[in-house]
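Numbering (our numbering), first residue to last: 1 to 343.
Cβ atoms here follow ideal geometry from the backbone N, Cα and C, with glycine treated the same way.
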């Protein structure tokens, strides 16, 4: 008799169906009992039908925490693990140099193949990162987006005592602000127009800037000074045009958000003011491990960041709330479809 499982399937833009699908056999990888899946902006693009690679029907979800069954043939049997969803080709110029995160043909679990919004998921063993002892699976669900922030800060020129501006207070922007503060930034300012996101940024202790003119707001708060490093986590054309005005001469702009199309940047300002620009794409495996260590150490206030936890059956409602800006970070509790379990 074929074993089946519940999965939430996106069948078309803004259409979701709970389907009884064949359970993964586990061949060529480890089968996890999915615990939590975080929803993000990329998922929302897929739901809108705007992602260039994702096709329906699709099980979304790439921010995944699961439990490896105790009887599994795995080094992580009986443990919670975070999934690295990146699937590099292994043969392109980037992969040959072990820069797998910038693979020319990079694919992701939950985008190019079925993801975590299901009772179970089978992934290659090399994609698993053990959750540190004592770290709850719910909190570990932030490891994947936090890894993006860790990678962004590591790629930056941030030094102890620097002033930082983060534009965009979605989950990655907020995590980038937290990672920058943890790395030694003396002052971290956040620009964001959405009230719910501004409220979370304020609760986390960040000074808020007017999103319409963050440079002027920053100068007002600092007595005329600008930032040493600006992180663009908004990826909006209107933001791109303002980035060079946020940093001091010799400063740095770090592009964290993913632009859907080329955006205008003042190259003359880059040259005349001696600025540098760094692009950030996802993360390396060691960034996930660093993110898990930060979460285990209590560096990240997960209670402030996670604004809702919903069961698998309410995924459509959760995406609507993300679209409307009434939630900041939503986790899906997939245990409702695999019999529950320890958090």
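Residue j beta carbon less than 8 Å from that of residue i
i: residue 330; j: residue 320; result: no
i: residue 171; j: residue 40; result: yes
i: residue 239; j: residue 278; result: no
i: residue 47; j: residue 64; result: no
i: residue 164; j: residue 185; result: yes
i: residue 66; j: residue 32; result: yes
i: residue 132; j: residue 167; result: no
i: residue 138; j: residue 36; result: yes
i: residue 135; j: residue 322; result: no
i: residue 292; j: residue 126; result: no
i: residue 108; j: residue 85; result: yes
i: residue 216; j: residue 193; result: no
i: residue 122; j: residue 57; result: no
i: residue 128; j: residue 222; result: no
i: residue 326; j: residue 196; result: yes
Outcome for residue i when other beta-carbon atoms lying within 10 angstroms are tallied against a minimum of 16
i: residue 61; result: buried
i: residue 314; result: buried
i: residue 175; result: buried
i: residue 77; result: exposed
i: residue 98; result: exposed
i: residue 160; result: exposed
i: residue 267; result: exposed
i: residue 201; result: buried
i: residue 100; result: buried
i: residue 272; result: exposed
i: residue 55; result: exposed
i: residue 70; result: exposed
i: residue 198; result: buried
i: residue 241; result: exposed
i: residue 274; result: exposed
i: residue 96; result: exposed
i: residue 93; result: exposed
i: residue 145; result: buried
i: residue 141; result: buried
i: residue 307; result: buried
i: residue 12; result: exposed
i: residue 173; result: buried
Whole-Å CB distance - residue i paired with residue j, under 8 Å assumed
i: residue 148; j: residue 180; result: Contact flag wrong, Cβ pair sits at about 13 Å.
i: residue 232; j: residue 250; result: 18 Å between Cβ atoms; not a contact.
i: residue 270; j: residue 244; result: 6 Å
i: residue 59; j: residue 7; result: 5 Å
i: residue 334; j: residue 305; result: Their Cβ separation, rounded to whole angstroms, is 19 Å, which puts residue 334 and residue 305 out of contact at 8 Å.
i: residue 53; j: residue 112; result: 6 Å
i: residue 49; j: residue 124; result: About 29 Å separates the two Cβ atoms, so there is no contact after all.
Three-state secondary structure assigned by DSSP to residue i
i: residue 100; result: helix
i: residue 251; result: strand
i: residue 327; result: coil
i: residue 130; result: strand
i: residue 303; result: helix
i: residue 266; result: coil
i: residue 105; result: coil
i: residue 136; result: coil
i: residue 142; result: coil
i: residue 39; result: strand
i: residue 338; result: Per-residue confidence for residue 338 stands at a pLDDT of 45, beneath the threshold of 50, marking its modelled position as unreliable; no derived number is given.
i: residue 79; result: coil
i: residue 30; result: strand
i: residue 195; result: helix
i: residue 157; result: coil
i: residue 277; result: strand
i: residue 171; result: helix
i: residue 2; result: Unreliable positioning characterises residue 2 in this predicted model, as indicated by a pLDDT of 48, which lies under 50. The coordinate reading is nonetheless provided below. In this structure, residue 2 counts as coil in the three-state DSSP scheme.
i: residue 63; result: strand
i: residue 113; result: strand
i: residue 343; result: Here the model assigns residue 343 a pLDDT of 45, short of 50, so the residue's position is not dependable and the matter cannot be decided.
i: residue 226; result: coil
i: residue 290; result: helix
i: residue 50; result: coil
i: residue 295; result: helix
i: residue 91; result: coil
i: residue 16; result: strand
Among the options, nearest to residue i - alpha-carbon criterion
i: residue 9; options: 33, 68, 119 and 70; result: 119
i: residue 234; options: 34, 28, 42 and 305; result: 42
i: residue 207; options: 38, 187, 137 and 292; result: 187
i: residue 151; options: 289, 326 and 6; result: 289
i: residue 247; options: 35, 114 and 157; result: 157
i: residue 263; options: 237, 275 and 178; result: 237
i: residue 298; options: 92, 44, 178 and 173; result: 178
i: residue 229; options: 72, 327 and 155; result: 155
i: residue 110; options: 45, 169 and 68; result: 45
i: residue 15; options: 316, 300 and 252; result: 316
i: residue 104; options: 303, 281, 301 and 287; result: 281
i: residue 87; options: 328, 284, 303 and 332; result: 284
8 Å Cβ cutoff, residue i in contact with chain B
i: residue 44; result: Checking the listed chains, one finds no chain B in this structure; it contains a single protein chain.
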